[in-house]
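**Student:** Structure incoming, see below.
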Amino acid sequence: MSKFPPKKTPANEQQENTTAQALRQAHFDAFFAGANAGMLIFDRQLRYVQINEVLAQTNGVCVADHIGRSVREVLPELAPTVEPILQGILDTGKPILNYELVGETPKQPGILRYWQASYYPLLDENGLVFGIGGIVIEISDRKQAEFLLKQSEERFRSLMEASAQIIWIANADGELAIEQPTLGAFTGQTFDDYKGWGWLDAIHSDDRPHVASLWSVAVVNRSLYETELRMRRHDGEYRYMSCRGVPILNADGSIREWIGANTDITARKQVEVELRERNALLNSILESTPDIIVVKDRQGRYVAINSNVANFLGKPIDEIIGKDDLELMSPDTAPEMMAKDRQIMAAGITESYEEDISAHNETPTTFLTTKAPWRDANGNILGIIATTRDISERKQAEDAIKQSEERYRSLILATSQIVWTADAEGRAQDIPSLRAYTGQTEAEVMGFGWLDAMHPDDRERTNQSWMNAVQTKSAYDIEYQIRGADGNYRYFQGRGVPILNEDGSIREWVGTCTDIHDRKQAEIALAKAKEAAEAASRAKSEFLANMSHELRTPLNGIMGYAQILQRSKLLKEEDRSRIDVIYQCGSHLLTLINDILDLSKIEAQKVELQLTEFHLPAFLQGVAEMCRIRAEIKGINFHFQSTSELPIGIRADEKRLRQVLINLLSNAIKFTDAGSVTFTVSFATERKIRFEVRDTGTGIAQTHLQAIFQPFEQVGDRKRQTEGTGLGLAISQRLVELMGSTIQVQSDVNVGSIFWFDVDLPQANEWIKTAQADDRGQIIGIKDRQPKIVVIDDKWANRSVISNLLTPIGFEVSEANDGQEGWEKILEVQPDLIVTDLLMPELDGFELIKRIRESETSKDIIIIVSSASVFETDQYRSLEAGGNDFLPKPIQATELLQKLQKYLHLEWLYEAHESPILTAADTNEIIAPPATEMEILYELAMKGDFRGIVKQAALLEQIDPKYIPFAKRLHQMAKEFQDEEILTFIQSYKQVL
Ligand code: ADP
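Just add 13 to the spot in the sequence shown (first one is 1) and you have the numbering used here.
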């Protein structure tokens, strides 16, 4: 073993030095041997001078085998690397520090080990390098750790690069402090953008507050951060992300940093949404049906149901799921149902059947059930799907239909009628019962073939009526004759009704043909008889009409001469009274004839109501006045009462209404000797006016009440009967019937009678207009004047009618209640004309006239006396007293206007109406035929020859069209047997000629 080179010292010191040197060497050797690191010393030839055990072991060569040998000899593999370095130290005298060596050791071949070697030059006193000292430390463990770290970091980086996720690292404060490549790549943000809390900008604004707070909380609590959010991708699209972040803690528990990952879960979200929608759809399907739907697993447990199941079982869904039929259904039906399920699962086929099911202990319901296997995507049977429908109502309906059809069929069999059916277009289906009658074949009857068996006269009409019914979908009802198999025709009544579909279209027709032959024959016979009877009745009426006229003509002579004789001064009183009898009998006969004529006209339906509009109060007043006079003559009281609510103007047949009222009132007066007659007009109902005549007369026995309305029926006292004809009530009743009412009677013998009737008389506002119209139309004013008129009458109604008639035309009308007031009014207004009544309280009409005529200022006033008095003497008296003219009540508007025009020399203004230029024939102007023709007509009229008049009228029309209006008028009157009117008409034109 070579030694450390000794120092050259003087001889005395030599011993000392040697000892110290040996000590030093011993220290050095101990240090060498004890060091944990490998140690060595090379000489300048790079031979091992010294090496310690640690390094010798590392080299795999014992210490002794190193000493004196070179590196090349001991470590031939290592030498090429180490020698130049060592040589460098020898040459430069500079150390090499921390030089890393790598290699295998002979002890552990195949394992790379790492060392760190530091080599120092060993210098002698002269500063010359005489060797190299080295320290070698094994750094294999450190190297290994470094390598592993590097590897882990590399892996992390690759993971980050390879991951679709966003991996982020935040600092302990939760801020992004370093670059986050995956985040930047995803959001398109730059580091500056996402730095700190900038990443929040890429979060959907709706999620942002929530995310920010969650993150803050996690950072503060050092807890797991986990959320879902929407993050804006670089292309602007928001993606659903699942985020997780975990804190990485230092050894002392403080947060070093946060690491997290965001995963794009948009696709999953979409799938979730789709799944939710599919579930909702499935649910809707389940719930949209009236059916009960159950899904059961292989064990029969309910897996899914709709709410119909819950309703049926009366349990909430939660309590049903997981249970089976045995637990839910009646024990009678459950095993059977489950067996069915197993059968279907085994067979793997769908089946429908009817079953009676009952929930626990309830009466079973009939269901139509369909059961199908429930399969997974691979077709494996997972259980059963049962759909079931309550068909109990349908079942009942079906049963009802069956029953009804049976009934219908039995009815057809039982009925003697022919029952038929036809399709919507009217084509008949086979009608066996019709065929049995007509002898047609099935083919002949079908469709419209049945029409062939119809009587030729009825065929077209029947076909049309049938087609019309089919088109209008209306019931069909017709009578026709059908030829039987024996060739004879019989009458049938065909009836049919369409059976409609819900949309209103025809489904089919059902009908019958009923044999009405016998009834029809009877009807025909009856109709013939009726026609004959009507003809006879017409003939009778015509005969009566003609007859009455025939009778009247000679009566004219009798009555005329009776009156002439009455005036004769030559007659003795005795003869005169005989002549009076002739006159009375004559006039009775005349009334009788007139009444017969009237009644026969009514019965022959020749009378129609002539409706006009008139002033009701004045009309009633007029009627009452006439009757009051008769009653007064007889010494009985007469009362007229009318409610103030009555309409002013009404629309009715004035003449006929008056006729009826006068008849009733006359009877009442005639059959009353003491007491009173009361005429009352009031409202019976809201619309109907009641006319009532009440007397305290003889009354009528109950048994006679019906009879009195029959023609010529007179009951009771004989004496009185001679006064009447027995026709008045018959005529009145028929007239009131024409007015839509009936005369009623209530009577007690010796107490009195009440006759009344209620009629609906429409209110009229135009009565003034109609009243004012003359031949030239409606009078609307007076040319250039406003005459002043004073009307004096104690009856409001009478004044009202005149005032209402005249004011609108342009008269200035003043009214006065009696003579005295009238006189004052005259002085006040100085009228042009007065209209005065005769009988008035205070100052009567006669007195008033006298006073006017005697006065200086007013003596020239024109006075028209208006009275209901029937006595001619009154008329004469009033004229004698100084009246200019007499106007009978009730007042006729045209008559009043004519008189006013005449006395005041007025010119009327008429309502303008455009009339087209007419030819003579078209105008209504009546032109009388020549005198010779008129003579013939007069003769015919006198004879009452209506037929002759009609013929003559026709002849006139041919002579010249200008006579058409005249002829028409004549014809009309002749048709209505208006003999009197005809005579007056002819006479008026005869005079003109
Ligand atoms: P006449 O012309 O006889 O009055 P009517 O037809 O008017 O004919 O009356 C028929 C009969 O009814 C009368 O004859 C009379 O017997 C009876 N009659 C009618 N009205 C009354 C009455 N108010 N009081 C008593 N009897 C009456």
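Glycine included, each C-beta is placed from N, C-alpha and C at the ideal position.
Which residue comes first and which comes last in the beta strand (DSSP E) that contains phenylalanine 651?
**Tutor:** Unbroken beta strand (DSSP E) run through phenylalanine 651: 650-655.
**Student:** List the whole-angstrom C-beta distance separating arginine 60 from arginine 82, where the pair is believed to meet the contact cut-off of C-beta under 8 Å.
**Tutor:** Arginine 60 to arginine 82, Cβ: 6 Å. Contact.
**Student:** Mind the definition here: the region 465-479 touches the region 493-509 only if three or more C-beta pairs lie below 8 Å; say whether that holds.
**Tutor:** These segments touch.
**Student:** Please state whether the Cβ-Cβ distance between phenylalanine 199 and histidine 247 is less than 8 Å.
**Tutor:** Result yes, Cβ atoms of phenylalanine 199 and histidine 247 sit closer than 8 Å.
**Student:** If you follow the alpha helix (DSSP H) that cysteine 640 is part of, which residue opens it and which one closes it?
**Tutor:** Looking at the DSSP string, the run of the alpha helix (DSSP H) that includes cysteine 640 is 629-647.
**Student:** Comparing alpha-carbon positions, which option in Ala410, Ala352, Ala231, Arg982 lies nearest lysine 384?
**Tutor:** Measuring from the Cα of lysine 384, the nearest candidate turns out to be Ala352.
**Student:** In chain order, what residues of the same chain have a beta carbon less than 6 Å from the beta carbon of arginine 707, not counting five sequence neighbours either side?
**Tutor:** Here the set comprises Thr691, Ile767.
**Student:** Tell me the rounded alpha-carbon separation between glutamine 1012 and threonine 346.
**Tutor:** Lying outside 14 to 1006, the shown extent of the chain, residue 1012 is not represented and no answer is given.
**Student:** From what residue to what residue does the beta strand (DSSP E) around valine 842 run?
**Tutor:** It is not in any beta strand (DSSP E) - valine 842 instead sits in the alpha helix (DSSP H) that spans 832-842.
**Student:** Shortest alpha-carbon distance to isoleucine 571 belongs to which of Asp369, Gly712, Gly392, Tyr596?
**Tutor:** Looking at the Cα atoms, Tyr596 is the closest of the given residues.
**Student:** In whole angstroms, give me the CA-to-CA distance for alanine 158 and serine 165.
**Tutor:** Answer to the nearest angstrom: the Cα atoms are 10 Å apart.
**Student:** Taking the alpha-carbon of alanine 558 as reference, which of Ser613, Val232, Ser871 has the nearest alpha-carbon?
**Tutor:** Ranking the options by Cα distance to alanine 558, first place goes to Ser613.
**Student:** For proline 942, count neighbouring Cβ atoms within 10 angstroms of its own Cβ and tell me buried if that reaches 16, exposed if not.
**Tutor:** The residue in question, proline 942, is buried, as its Cβ has 16 or more Cβ neighbours within 10 Å.
**Student:** Between the C-alpha atoms of phenylalanine 770 and valine 673, what's the straight-line distance to the nearest angstrom?
**Tutor:** One C-alpha to the other measures close to 10 Å.
**Student:** Taking only the alpha-carbon atoms, compute the straight-line gap between leucine 135 and proline 122 and give it to the nearest angstrom.
**Tutor:** If I take the Cα positions, the gap works out to 33 Å.
**Student:** Going along the chain, which residues of its own chain have a beta-carbon closer than 8 Å to the beta-carbon of lysine 872, five neighbours each way excluded?
**Tutor:** Result list for lysine 872: Ile865, Arg866, in chain order.
**Student:** Does the beta-carbon distance from phenylalanine 1018 to glycine 662 come in below 8 Å?
**Tutor:** The question about residue 1018 has no answer, for the chain in this structure spans 14 to 1006.
**Student:** Can you list the alpha helix (DSSP H) stretches of 4 or more residues lying completely in the region 159-238, in chain order?
**Tutor:** Qualifying alpha helix (DSSP H) stretches, in chain order: 194-200, 204-207, 221-234.
**Student:** Grouping DSSP H, G and I as helix and E and B as strand, with all else coil, what is glycine 710?
**Tutor:** Three-state result, glycine 710: coil.
**Student:** Which residue's Cα is closest to the Cα of arginine 700: Met52, Leu748, Asp773, Asp389?
**Tutor:** Comparing Cα positions, the closest option is Asp773.
**Student:** Provide the residue span of the beta strand (DSSP E) that contains tyrosine 502, from first to last.
**Tutor:** Taken as a continuous stretch (DSSP letters only), the beta strand (DSSP E) holding tyrosine 502 covers 502-513.
**Student:** Look at glycine 187 and tryptophan 228 and say whether their C-beta atoms are less than 8 Å apart.
**Tutor:** Result yes, Cβ atoms of glycine 187 and tryptophan 228 sit closer than 8 Å.
**Student:** Hey, out of Gln430, Ile180, Pro344, Pro974, whose CA is closest to aspartate 369's CA?
**Tutor:** Cα-wise, what sits closest to aspartate 369 is Pro344.
**Student:** Within the region 908-984, note down every full alpha helix (DSSP H) run reaching 4 residues or more, in order along the chain.
**Tutor:** Here the runs fully enclosed are 944-956, 959-972.
**Student:** Looking only at its own chain, which residues have a Cβ that is under 8 Å from the Cβ of glutamine 442, when we skip the five neighbours before and after it?
**Tutor:** So the list reads Trp433, Thr434, Ala435, Asp436, Met459, once near-sequence residues are dropped.
**Student:** Between which two residues does the alpha helix (DSSP H) harbouring glutamate 406 extend?
**Tutor:** Taken as a continuous stretch (DSSP letters only), the alpha helix (DSSP H) holding glutamate 406 covers 405-427.
**Student:** Is serine 766 near the ligand ADP, with its Cβ less than 7 Å from a heavy atom?
**Tutor:** The answer is yes for serine 766.
**Student:** Under three-state DSSP, which class holds phenylalanine 556?
**Tutor:** In this structure, phenylalanine 556 counts as helix in the three-state DSSP scheme.
**Student:** What residue from Gln715, Ile744, Pro386 has the CA that sits closest to leucine 677's CA?
**Tutor:** The shortest C-alpha separation from leucine 677 is found at Ile744.
**Student:** On a Cα-Cα basis, can you pick out the residue from Ser478, Leu88, Phe169 that is closest to glycine 509?
**Tutor:** With distances taken between Cα atoms, glycine 509 lies closest to Ser478.
**Student:** Considering only DSSP beta bridges, list what phenylalanine 704 is partnered with.
**Tutor:** Beta-bridge pairing links phenylalanine 704 to Val694, Phe770.
**Student:** If you check the beta carbons only, do proline 978 and isoleucine 939 fall under 8 Å apart?
**Tutor:** In contact: proline 978 and isoleucine 939 (Cβ atoms closer than 8 Å).
**Student:** Determine, using beta carbons only, whether arginine 269 and isoleucine 278 come nearer to each other than 8 Å.
**Tutor:** Cβ atoms of arginine 269 and isoleucine 278: not closer than 8 Å.
**Student:** Scan the region 331-414 and note each continuous beta strand (DSSP E) run of 3 residues or more that stays entirely inside, going in chain order.
**Tutor:** Segments of the beta strand (DSSP E) lying fully in the region 331-414: 364-370, 378-388, 394-403.
**Student:** Along the beta strand (DSSP E) that carries tryptophan 433, what are the first and last residues, could you check?
**Tutor:** Looking at the DSSP string, the run of the beta strand (DSSP E) that includes tryptophan 433 is 431-436.
**Student:** Could you spell out the range, first to last residue, of the alpha helix (DSSP H) harbouring glutamate 616?
**Tutor:** 586-616 is the extent of the alpha helix (DSSP H) around glutamate 616.
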